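Engineer: Sending over a structure as structure tokens; questions will come in a sec.
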Amino acid sequence: MTDYIIVGAGPAGCVLANRLSEDPSHSVLLLEAGGKDWHPYIHMPAGFAKMTKGIASWGWSTVPQKNMKDRVFWYTQAKVVGGGSSINAQIYTRGNARDYDAWEKEEGLAGWGYRDVLPYFKRAENNQRFANDFHGDQGPLGVSNPISPLPICEAYFRAGQEMGIPFNPDFNGANQEGVGYYQLTQKDARRSSASVAYLKPIRARKDLTVRTDVLVTRIVVEKGRAIGVEIVDRPGGEKKILRAEREVIVSSGAIGSPKLLMQSGIGPADHLKSVGVTPVHDLPGVGSNMQDHLDLFVIAECTGDHTYDNYAKLHRTAWAGLQYLLLKKGPVASSLFETGGFWYADPTAASPDIQFHLGLGSGIEAGVEKLNNPGVTLNSAFLRPRSRGTVRLKSADPADHPLIDPNYWSDPYDRAMSIKGLRLAREIMRQKALTPYVLREVLPGPSLASDDELFDYACRSAKTDHHPVGTCRMGHDEMAVVTPDLRLRGIEGLRVCDASVMPRVPSSNTNAPTIMVGEKGADLILGREPLPPAVFSGNRAA
Numbered sequence: 008m009t010d011y012i013i014v015g016a017g018p019a020g021c022v023l024a025n026r027l028s029e030d031p032s033h034s035v036l037l038l039e040a041g042g043k044d045w046h047p048y049i050h051m052p053a054g055f056a057k058m059t060k061g062i063a064s065w066g067w068s069t070v071p072q073k074n075m076k077d078r079v080f081w082y083t084q085a086k087v088v089g090g091g092s093s094i095n096a097q098i099y100t101r102g103n104a105r106d107y108d109a110w111e112k113e114e115g116l117a118g119w120g121y122r123d124v125l126p127y128f129k130r131a132e133n134n135q136r137f138a139n140d141f142h143g144d145q146g147p148l149g150v151s152n153p154i155s156p157l158p159i160c161e162a163y164f165r166a167g168q169e170m171g172i173p174f175n176p177d178f179n180g181a182n183q184e185g186v187g188y189y190q191l192t193q194k195d196a197r198r199s200s201a202s203v204a205y206l207k208p209i210r211a212r213k214d215l216t217v218r219t220d221v222l223v224t225r226i227v228v229e230k231g232r233a234i235g236v237e238i239v240d241r242p243g244g245e246k247k248i249l250r251a252e253r254e255v256i257v258s259s260g261a262i263g264s265p266k267l268l269m270q271s272g273i274g275p276a277d278h279l280k281s282v283g284v285t286p287v288h289d290l291p292g293v294g295s296n297m298q299d300h301l302d303l304f305v306i307a308e309c310t311g312d313h314t315y316d317n318y319a320k321l322h323r324t325a326w327a328g329l330q331y332l333l334l335k336k337g338p339v340a341s342s343l344f345e346t347g348g349f350w351y352a353d354p355t356a357a358s359p360d361i362q363f364h365l366g367l368g369s370g371i372e373a374g375v376e377k378l379n380n381p382g383v384t385l386n387s388a389f390l391r392p393r394s395r396g397t398v399r400l401k402s403a404d405p406a407d408h409p410l411i412d413p414n415y416w417s418d419p420y421d422r423a424m425s426i427k428g429l430r431l432a433r434e435i436m437r438q439k440a441l442t443p444y445v446l447r448e449v450l451p452g453p454s455l456a457s458d459d460e461l462f463d464y465a466c467r468s469a470k471t472d473h474h475p476v477g478t479c480r481m482g483h484d485e486m487a488v489v490t491p492d493l494r495l496r497g498i499e500g501l502r503v504c505d506a507s508v509m510p511r512v513p514s515s516n517t518n519a520p521t522i523m524v525g526e527k528g529a530d531l532i533l534g535r536e537p538l539p540p541a542v543f544s545g546n547r548a549a
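Residue numbers (the numbering used here): 8 to 549.
Shown next, in the form of structure tokens:
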């Protein structure tokens, strides 16, 4: 018997395992379907480019996207300790203050406004540069500036300023808008995943047990209370039930958490019956409200050796490896997407609605035509989509892939803003400051100019930013899955704590917000007083 069972060792699950086991009187069991984070690609910053090909992931895809000419998207979701924080591009962004204030004021989620969540961001953070009203330097999560930027990054900043986009030294500080370097979840030139930051230092705690390669097939509910989980600890193995004395906490991500709930008979009853699952608790919001960021990109050929593409050559790969091992510098120490910014597609927007990521190469994206010279990529993503999708079961078999439907561009506004974001990216790449570095646009290609042509291009080449949220959202209405203290509505002893509880996707990458949810969720589970609301000079409103 264990006090707390946590299902999923992703960013939030690792945080919970750390914080709940701080009190030695609490026994904690953390279960992960994937393996340990042993692969060397995980810990080398540039290794993330290999992770999207399937290493340490489930190998899922979306259903055909009906508003994008039935395109099927590869949908990488982590299957490893540390979850997405072990395979992502390590970009540390939190979103806009208005995002969280909207959670509080428009969604009715008291205690989730910006001044309430900022202390939890700071508690997590061990920032190598900033220690001020917006940043902490005593937390477990390493956050640092890029080690090996290239001159083309500085030219990109000047190009943005030529368009009227200011330089911003800190996207998580007083203002979000502008272009600049991203801070990264790295420490000492290595990835600082939730596993490295939160689990590795405490693995010797006697009250914490971490089990990998364990598939949780359902949550066991008796008389309206979650009393444990059913597991299979090897392919074809026997099913076993593990019991939880206090709570079961589902922390399997925005795809995995609704999937597990529905496998357990918790979700929309009609759907469950249609796939052969006996309903235990009719909760119609499970698997609904899915949101994600869709990414459109410009790829240009450079005038010379200005990015990292040529390091794919064997002798340069060897040199890059030596440079990293001996000096902790060079391309291996780069996240490859460590430069970017936030700006506006909709000029009436109250805060930035487009995010840019400058990729220091062309081979980072799949399906890129061969270039004569190294290339550079500029991604653009619309940050506040109105489209809503679903996660559903394919069958009653827990081993079956879920039906993932982000429902991209079901709202025409999203399509219009995404194409405007793509046009902004093209305009940045054509600025005078980048002329010494950029020879020509390769994709979409200068011949594509109309919205219809760019729509066709997007349907062929767009990709997900892997930022799904919202499928077990917090709220008070009938479609809400959990309450503001993360308790599942209608079943005792069961909570959800991960990106799935977010009612709206933050205007940023989602790793840091998910870690924040884990930090705040731990206090809610333990019944602690929340951290005092943040106090800072000025009004951080955008």
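Note that beta-carbon positions come from the ideal geometry of N, C-alpha and C, so glycine has one too.
These numbers were taken from a predicted model, which means no experiment stands behind them.
Less than 8 angstroms between the CB atoms is what I'm expecting for L148 and A204, so what's the real figure, rounded?
Structural biologist: Here the question's residue 148 lines up with position 141 in the sequence shown. Here the question's residue 204 lines up with position 197 in the sequence shown. The Cβ separation is near 5 angstroms, so the contact holds.
Engineer: For I435 versus G167, is the C-beta distance shorter than 8 angstroms?
Structural biologist: Residue 435 sits at position 428 when you count from the first residue of the sequence shown. Residue 167 sits at position 160 when you count from the first residue of the sequence shown. Going by C-beta atoms, I435 is nearer than 8 angstroms to G167.
Engineer: Taking the beta strand (DSSP E) that I238 falls in, what are its first and last residues?
Structural biologist: Here the question's residue 238 lines up with position 231 in the sequence shown. Element bounds for I238: 232-239.
Engineer: Find the nearest neighbour of Y351 within the set I49, D177, I154, E184, judged by alpha-carbon distance.
Structural biologist: For the purposes of this step, residue 351 is identified with residue 344 of the sequence shown, where counting begins at 1. It is E184 whose Cα lies nearest to the Cα of Y351.
Engineer: On the premise that M297 lies in contact with G477, defined as a C-beta separation below 8 angstroms, what is that separation, rounded to the nearest angstrom?
Structural biologist: Numbered from 1 along the sequence shown, position 470 holds the residue referred to as residue 477. Numbered from 1 along the sequence shown, position 290 holds the residue referred to as residue 297. Right, the Cβ-Cβ distance comes to about 6 angstroms (below 8 angstroms), so this counts as a contact.
Engineer: Using a Cβ cut-off of 8 angstroms (strictly closer), state whether G102 contacts chain C.
Structural biologist: Protein chain content of the structure displayed is limited to a single chain, and chain C is not contained in it.
Engineer: Which of the three DSSP states is assigned to F543 in this structure?
Structural biologist: Locating residue 543 in the sequence shown gives position 536, counting from the first residue. Three-state DSSP puts F543 in coil, outside helix and strand.
Engineer: Taking the C-alpha atoms as reference points, what is the distance between D299 and L37?
Structural biologist: Within the sequence shown, the letter at position 292 stands for residue 299. Within the sequence shown, the letter at position 30 stands for residue 37. The straight-line gap from Cα to Cα measures roughly 27 angstroms.
Engineer: Where I306 and V14 are concerned, what is the direct C-alpha to C-alpha distance, given to the nearest angstrom?
Structural biologist: Walking along the sequence shown from the start, residue 306 turns up at place 299. Walking along the sequence shown from the start, residue 14 turns up at place 7. For I306 and V14, the distance between alpha carbons rounds to 40 angstroms.
Engineer: Compare the beta carbon distance of V221 and E39 with 8 angstroms and say whether it is the shorter of the two.
Structural biologist: Along the sequence shown, read from residue 1 onward, the residue named residue 221 stands at position 214. Along the sequence shown, read from residue 1 onward, the residue named residue 39 stands at position 32. Result yes, Cβ atoms of V221 and E39 sit closer than 8 angstroms.
Engineer: Which residues does DSSP list as the beta-bridge partners of H1?
Structural biologist: What is shown of the chain runs 8 to 549, which leaves residue 1 out entirely.
Engineer: Count the other CB atoms within 10 Å of the CB of K246; is the residue buried (16 or more) or exposed (fewer)?
Structural biologist: Counting from 1 along the sequence shown, the entry for residue 246 is found at position 239. Result: exposed.
Engineer: By Cβ distance below 7 angstroms, which residues in the same chain neighbour G528 in space, the five residues on each side in sequence not counted?
Structural biologist: Within the sequence shown, residue 528 is the residue found at index 521, counting from 1. Cβ neighbours of G528 beyond the five flanking positions: A19, L23, L493, C504.
Engineer: A465: which of E448, S425, V488, T442 sits nearest, CA to CA?
Structural biologist: One-based indexing of the sequence shown puts residue 465 at position 458. Of E448, S425, V488, T442, the residue nearest in Cα terms is S425.
Engineer: Tell me the rounded alpha-carbon separation between D353 and I262.
Structural biologist: The sequence position of residue 353 within the sequence shown is 346, counting from 1. The sequence position of residue 262 within the sequence shown is 255, counting from 1. Distance between the alpha carbons of D353 and I262 is about 30 angstroms.
Engineer: On the three-state DSSP scale, how would you describe C309?
Structural biologist: For this step, residue 309 is matched to residue 302 along the sequence shown. Strand.
Engineer: Give me the Cα-Cα distance between T314 and G368, rounded to the nearest whole angstrom.
Structural biologist: To locate residue 314, count along the sequence shown from 1; it is residue 307. To locate residue 368, count along the sequence shown from 1; it is residue 361. Whole-angstrom Cα-Cα distance: 5 angstroms.
Engineer: With R78 and Q72 assumed to form a contact (beta carbons below 8 angstroms), what rounded beta-carbon distance in angstroms separates them?
Structural biologist: By 1-based counting over the sequence shown, the position of residue 78 is 71. By 1-based counting over the sequence shown, the position of residue 72 is 65. The Cβ separation is near 5 angstroms, so the contact holds.
Engineer: Under a Cβ-count criterion, where at least 16 other Cβ atoms within 10 Å of its own Cβ denotes burial, should G536 be classed as buried or exposed?
Structural biologist: As a working mapping, residue 536 is identified with position 529 in the sequence shown. Inspection of the sequence shows that residue 536 is occupied by Glu rather than by Gly. So E536 ends up on the exposed side.
Engineer: So, helix, strand or coil for L538, using DSSP?
Structural biologist: Translated into positions along the sequence shown, residue 538 becomes position 531. Here L538 sits in coil by DSSP.
Engineer: On the premise that L267 lies in contact with V223, defined as a C-beta separation below 8 angstroms, what is that separation, rounded to the nearest angstrom?
Structural biologist: Within the sequence shown, the letter at position 216 stands for residue 223. Within the sequence shown, the letter at position 260 stands for residue 267. Right, the Cβ-Cβ distance comes to about 6 angstroms (below 8 angstroms), so this counts as a contact.
Engineer: On the DSSP letters alone, give me the boundaries of the beta strand (DSSP E) that I554 sits inside.
Structural biologist: It is not possible to answer for residue 554, since the shown part of the chain is limited to 8 through 549.
Engineer: With a CB to CB cut of under 6 angstroms and the five nearest residues on each side skipped, what residues in its chain are close to A131?
Structural biologist: The sequence position of residue 131 within the sequence shown is 124, counting from 1. If we look at A131 and ignore the five residues flanking it on each side, its Cβ neighbours are G146, L148, I522, E526.
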